[in-house]
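J.:
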Amino acid sequence: MSESNLPQPDNAVTASATGRALHALTTLLPALGEGSHELSLSVERRDGMELSAGLYVSVEPGALRVDQSAEEYLRFFVLLTFSLDGTTVRDASLVAMTADAGTRVRGWDVQDGWLHPITPAELQMVATSFATDDASPYTVGDPLVLPPPPEAEE
């Protein structure tokens with residue numbers, strides 16, 4: 053299926069997904085806590101094409117810094133928006149790796165327009181696929197349930 057044959061999202065649906073993407077990031081980053089975080093978003097479009105985007109973020113008391121260019125941030129945000137929209141995306145997952153005493157891994161699958169925690173067992177399988185060194189082993193962090201935006205709870 054070529055890009056022109058992909059379903060076209062409705063403007064209202066995309067606007068709603070944009071709000072959910074913004075809410076997801078503003079909820080997720082403080083929940084991850086202080087430190088350096090690498091977010092990896094993997095997406096499979098309905099035509100089978102696989103896409104990914106990464107975001108490096110530092111969280112400090114009262115401050116948040118994206119450690120990438122505006123274009124890389126925008127790519128991540130747009131991919132997250134269309135993942136939450138669901139019109140053109142079949143499957144999407146987000147993994148956060150936090151560097152502290154080792155590297156903590158947490159993850160979410162996109163279901164019904166929101167991020168739902170991946171179970172620790174599933175996440176352990178994902179974590180074992182990452183290259184590691186003895187100085188920074190991967191451990192699975194406790195699942196973080198992100199509250200959906202208020203309009204999604206109605």
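Numbering-wise (our numbering), the sequence shown opens with residue 53 and increments by one. Just so it is clear, CB atoms sit at the ideal spot from N, CA and C, and this is done for glycine as well. Please read all numbers here as calculations on a predicted model, not as lab measurements.
(1) Note down, in chain order, each residue of its chain lying with its Cβ closer than 6 Å to the Cβ of proline 195, except the 5 sequence neighbours on either side.
(2) Quickly, what does DSSP pair alanine 148 with across the bridge? List them, please.
(3) Closest to alanine 83 by CA distance: which of Ala144, Met149, Ser135, Val141 is it?
(4) At the level of alpha carbons, what is the spacing between glycine 100 and leucine 93?
(5) When burial is assigned at 16 or more other CB atoms within 10 Å of the CB, is glycine 193 buried or exposed?
(6) So alanine 76 packs on leucine 167, CB below 8 Å; how close in whole Å?
(7) Below 8 Å on the Cβ atoms is my guess for threonine 79 versus leucine 198; work out the distance and round it to an integer in Å.
T.: A quick look at the data gives this:
(1) Numbered from its first residue, the sequence shown carries residue 195 at position 143. Excluding residues within five positions, the ones whose Cβ falls inside 6 Å are Pro169.
(2) By 1-based counting over the sequence shown, the position of residue 148 is 96. In the DSSP output, where bridge partners are listed per residue, alanine 148 has Leu91, Arg158.
(3) In the sequence shown, the residue the question calls residue 83 occupies position 31. Alanine 83 has its Cα closest to that of Met149, out of Ala144, Met149, Ser135, Val141.
(4) Indexing the sequence shown from 1 puts residue 100 at position 48. Indexing the sequence shown from 1 puts residue 93 at position 41. Using only the alpha carbons, I get a separation of about 16 Å.
(5) On the sequence shown, position 141 is the one that residue 193 refers to. Buried, because 16 or more other Cβ atoms sit within 10 Å of the Cβ of glycine 193.
(6) Translated into the one-based positions of the sequence shown, residue 76 becomes position 24. Translated into the one-based positions of the sequence shown, residue 167 becomes position 115. The Cβ separation is near 6 Å, so the contact holds.
(7) Numbered from its first residue, the sequence shown carries residue 79 at position 27. Numbered from its first residue, the sequence shown carries residue 198 at position 146. Their Cβ separation, rounded to whole angstroms, is 5 Å, which keeps threonine 79 and leucine 198 in contact under 8 Å.
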